[in-house]
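Here is the structure we will look at, set down as structure tokens.
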Amino acid sequence: MGEMEVCSDDLSGRWNDLNLGSSHFSANACLAPICSLHHVAVTTVEGIGSTKTRLHPVQERIAKSHGSQCGFCTPGIVMSMYTLLRNQPEPAVEEIEDAFQGNVCRCTGYRPILQGFRTFAKDGGCCGGNGNSPNCCMNQKKDHKVTLSPSLFNPEEFMPLDPTQEPIFPPELLVGDAP
Numbered sequence: 001m002g003e004m005e006v007c008s009d010d011l012s013g014r015w016n017d018l019n020l021g022s023s024h025f026s027a028n029a030c031l032a033p034i035c036s037l038h039h040v041a042v043t044t045v046e047g048i049g050s051t052k053t054r055l056h057p058v059q060e061r062i063a064k065s066h067g068s069q070c071g072f073c074t075p076g077i078v079m080s081m082y083t084l085l086r087n088q089p090e091p092a093v094e095e096i097e098d099a100f101q102g103n104v105c106r107c108t109g110y111r112p113i114l115q116g117f118r119t120f121a122k123d124g125g126c127c128g129g130n131g132n133s134p135n136c137c138m139n140q141k142k143d144h145k146v147t148l149s150p151s152l153f154n155p156e157e158f159m160p161l162d163p164t165q166e167p168i169f170p171p172e173l174l175v176g177d178a179p
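Residue numbering for the sequence shown is 1 to 179, as defined by full-length UniProt numbering.
In structure tokens form, the structure reads like this:
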């Protein structure tokens, strides 16, 4: 257990009064000692989206970019990306790739997963693969290397990430002058 980060959860650490926020980090739920979760908010993959109302933008991208086959690694990959976006709403492509260093996928491979998630990147194909910029790589000559496969999915159909719609740090976990 714990080898592939399939059981990753988002952990929100103690509230920081200096930046009025909490730090988020991904951890293997199967390896985290329960005592390390004191005053920590735990968010699982089931807590970020709903099949009845709407999927979270991370879940939507992994589904529409065909980034899941057997589904074993999907929760860990979704939570790694979710945690990155909670800390950095517009990450660089390199930050996205770094966030998945502990995740192992043996069925799908990483190309469709990373292509879907690169649409979150501020530098994911110069405009996230949307083709909105006149200097976009999608508007260049045919021999220019394109970072996204336009036939795999249409990035314009994705819901935008709205950080204001993420769950807040639970007020019950706010600690005054605790050591």
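Just so it is clear, CB atoms sit at the ideal spot from N, CA and C, and this is done for glycine as well.
Proximity to residue i [Cα-Cα], best of the options
| i | options | result |
| --- | --- | --- |
| S36 | S12, L84 and H66 | S12 |
| L31 | S22, H24 and S8 | S8 |
| P160 | V40, A41 and R54 | R54 |
| L114 | E157, A63, T164 and K52 | A63 |
| G102 | G47, G76 and I48 | G76 |
Cα-Cα separation, residue i to residue j
| i | j | result |
| --- | --- | --- |
| C44 | E90 | Inspection of the sequence shows that residue 44 is occupied by Thr rather than by Cys. Taking the straight line joining both Cα atoms gives about 22 Å. |
| H144 | H56 | Bear in mind that a pLDDT of 47 at H144, under 50, signals an unreliable position, so the number given afterwards is only what the model happens to contain. Each residue's Cα considered, the two are about 33 Å apart. |
| V93 | E172 | 35 Å |
| V146 | L85 | The predicted model places V146 with a pLDDT of 49, which falls under 50 and marks its position as unreliable; any figure quoted below should be read in that light. Rounded to the nearest angstrom, the two C-alpha atoms are 24 Å apart. |
| D162 | R106 | 31 Å |
| K52 | S80 | 23 Å |
| P33 | T74 | 23 Å |
| R61 | Y82 | 12 Å |
| E157 | G116 | 12 Å |
| residue 212 | A121 | No statement about residue 212 is possible, as the shown extent of the chain runs from 1 to 179 and does not include it. |
Residue range of the unbroken alpha helix (DSSP H) whose run includes residue i
| i | result |
| --- | --- |
| A99 | V93 to A99 |
| N103 | It is not in any alpha helix (DSSP H) - N103 carries neither H nor E in the DSSP assignment. |
| G49 | From DSSP, G49 is part of no alpha helix (DSSP H); its letter is neither H nor E. |
| G116 | R111 to F117 |
| E60 | P57 to K64 |
| I77 | T74 to N87 |
Beta-carbon proximity of residue i to residue j, cut-off 8 Å
| i | j | result |
| --- | --- | --- |
| S65 | L152 | yes |
| M155 | T119 | Just to set this straight, residue 155 is Pro in the shown sequence, not Met. Taking 8 Å as the Cβ cut-off, P155 and T119 qualify as a contacting pair. |
| D10 | S22 | no |
| V58 | V78 | yes |
| F169 | A29 | no |
| H39 | N87 | no |
For residue i, the first and last residue of its enclosing beta strand (DSSP E)
| i | result |
| --- | --- |
| T43 | A41 to T43 |
(request) Indicate whether the contact test is met: 3 or more Cβ pairs, each with one atom in the segment 57-70 and one in the segment 87-98, closer than 8 Å. (result) no
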